[in-house]
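Trainee: The structure's right below; bear with me while I get my questions together.
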Amino acid sequence: MTSFSYAANPVRVVFGSLDTLGDEAGRLGLERVLLIGRPRHADRAAAVLGPRLAARFDDPAMHTPVEVTERALKVVAEHDVDGVVAIGGGSATGLAKAIALHTDLPQLIVPTTYAGSELTSVLGQTADGRKTTRKTPKVRPEAVLYDVGLTLELPVAISAASGLNALAHAVEATYAPDANPMTDLLAAEAKRLLMNALPRVAADPSDVDARADMLRGAWLAGSCLDAVTMGPHHELCHHLGGKFGLPHAETHAVLLPYVMAHQGLADANDVFDLAASLPIPHSLAELGLTEADLDGEPELLRQALHGTRPAAPPSLKALTKQVVDSFAGAP
Ligand code: NAD
1 MTSFSYAANP VRVVFGSLDT LGDEAGRLGL ERVLLIGRPR HADRAAAVLG PRLAARFDDP
61 AMHTPVEVTE RALKVVAEHD VDGVVAIGGG SATGLAKAIA LHTDLPQLIV PTTYAGSELT
121 SVLGQTADGR KTTRKTPKVR PEAVLYDVGL TLELPVAISA ASGLNALAHA VEATYAPDAN
181 PMTDLLAAEA KRLLMNALPR VAADPSDVDA RADMLRGAWL AGSCLDAVTM GPHHELCHHL
241 GGKFGLPHAE THAVLLPYVM AHQGLADAND VFDLAASLPI PHSLAELGLT EADLDGEPEL
301 LRQALHGTRP AAPPSLKALT KQVVDSFAGA P
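Residue numbering for the sequence shown follows UniProt numbering, beginning at 1 and increasing consecutively.
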């Protein structure tokens, strides 16, 4: 029997309505909440929180810049806050996690994209143009409230890129050195939900069932990613994202089929075809990179530069034939 270990991380997950946000905050004992999020969604959250709302922070930024966190920490101190509610994509969640890292305040997250950060103990932050990532239970949110209604207006292009970001979490869990029967289950179901729902959302962004499948997939994908060690896909995305300031979800979306092919995953071609059918960037060149930028970088990034179909890794049969042929030619 193969040895493995698995620990279920304690996050309360609710699929329901934003109208229960006050009750969820009450469950955590929060009386003086800092609400993070852009007005589009945060105005409604503020109304639901009512007297529990102590302060607001409207402009979280992608990749969690430390100067934004410092500004938010001042608001926390000035208003004697006892918990953080974030509503929005991974940028809003990232700021809540950064605040928790410094203060240990409990977090309640209402995700509006498929980033999955709300389930992980991972925080990526940027300072002086460099992104660093750390993993600690201190930043893992206490509770997550998913309301599919909040995602219906997420533009198709952002939905598609964010959905492939979620898919990347599930894929990375399948070949992680510490994958186990539980993460295999989570990853397989997340892949099934996301690959099936992505084309439906692209065809009709207001399809509630497809949107619900996307959120469920994002939840399962984030959960399994948190239970394993992140691998080459995330390393490459963080490396390129930090070096060239690339957008997070789009970078994942472009690189995923190439990393899958490189890892020998049979469904790399299916993911390439799926991505090709979606209205998102399909190459690193479309994200602004040039040949010169990729000097000295791994071969798979050069394939991704122009968005050509990833070269399939040699099959076992082809490898065997190569070995047999090499012996046949030997004296
Ligand atoms: P994002 O949060 O920046 O959102 C992308 C854009 O979509 C923003 O302009 C936002 O205002 C808009 N938006 C979000 N929800 C919307 C909705 N429902 N309707 C209309 N517009 C909406 O981007 P993201 O891809 O969700 O998150 C990226 C960030 O999350 C990065 O900083 C990344 O590092 C982080 N992240 C962290 C983890 C982790 O585990 N630590 C995992 C994934 C992503």
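The C-beta atom is built at its ideal place from N, Cα and C for all residues, glycine as well.
(1) Is it buried or exposed, Asp-273, if we count other Cβ atoms within 10 angstroms and call 16 or more buried?
(2) Closest by CA to Ser-117, which one among Val-171, Val-148, Val-144, Asp-19?
(3) Can you tell me where the alpha helix (DSSP H) holding Gln-303 begins and where it ends?
(4) With a threshold of 8 Å, are at least 3 pairs of Cβ atoms found where one atom belongs to the stretch 253 to 267 and the other to the stretch 160 to 171?
(5) Taking buried to mean at least 16 other C-beta atoms within 10 Å of its own C-beta, is Pro-331 buried or exposed?
(6) For Gly-88, report the span of its beta strand (DSSP E) as first-last.
(7) Quick one: grab the DSSP three-state call for Arg-56.
(8) The ligand NAD and Glu-142: does any heavy atom of the ligand fall closer than 6 Å to the residue's C-beta?
(9) Using the beta-carbon count (16 or more within 10 Å), is Pro-65 buried or exposed?
(10) Answer yes or no: do Ala-202 and Ala-160 have a C-beta to C-beta separation smaller than 7 Å?
(11) Pop quiz: Lys-138 and Asp-82 are said to be a contact at Cβ under 8 Å. What is the actual Cβ separation, rounded to whole angstroms?
(12) The ligand NAD heavy atoms versus the CB of Glu-153: any closer than 6 Å?
(13) Apart from the five residues on each side of it in sequence, which residues of its chain come closer than 6 Å, Cβ to Cβ, to Leu-185?
(14) What is the residue span of the beta strand (DSSP E) that Leu-14 lies within?
(15) Based on Cα-Cα distance, which residue from Arg-56, Ala-61, Lys-97 lies nearest to His-79?
(16) On the CB-based measure, 16 or more other CB atoms within 10 Å of its CB, does Tyr-114 come out buried or exposed?
(17) Got a sec? Which residues, its chain only, sit under 6 Å from Leu-220 by beta carbon, not counting five neighbours each side?
Mentor: Looking at the coordinates:
(1) exposed
(2) Val-144
(3) 299 to 306
(4) yes
(5) For Pro-331, the pLDDT reaches just 47, beneath the cut-off of 50, and the residue's location in the model is therefore unreliable, leaving the point undetermined.
(6) 83 to 88
(7) strand
(8) no
(9) buried
(10) yes
(11) No, Lys-138 and Asp-82 are not in contact; Cβ-Cβ is about 17 Å, not under 8 Å.
(12) yes
(13) none
(14) For the sequence presented, residue 14 should be read as Val rather than Leu. It spans 12 to 15 - the beta strand (DSSP E) in which Val-14 sits, taken as one unbroken run.
(15) Arg-56
(16) buried
(17) Leu-186, Glu-189, Ala-190
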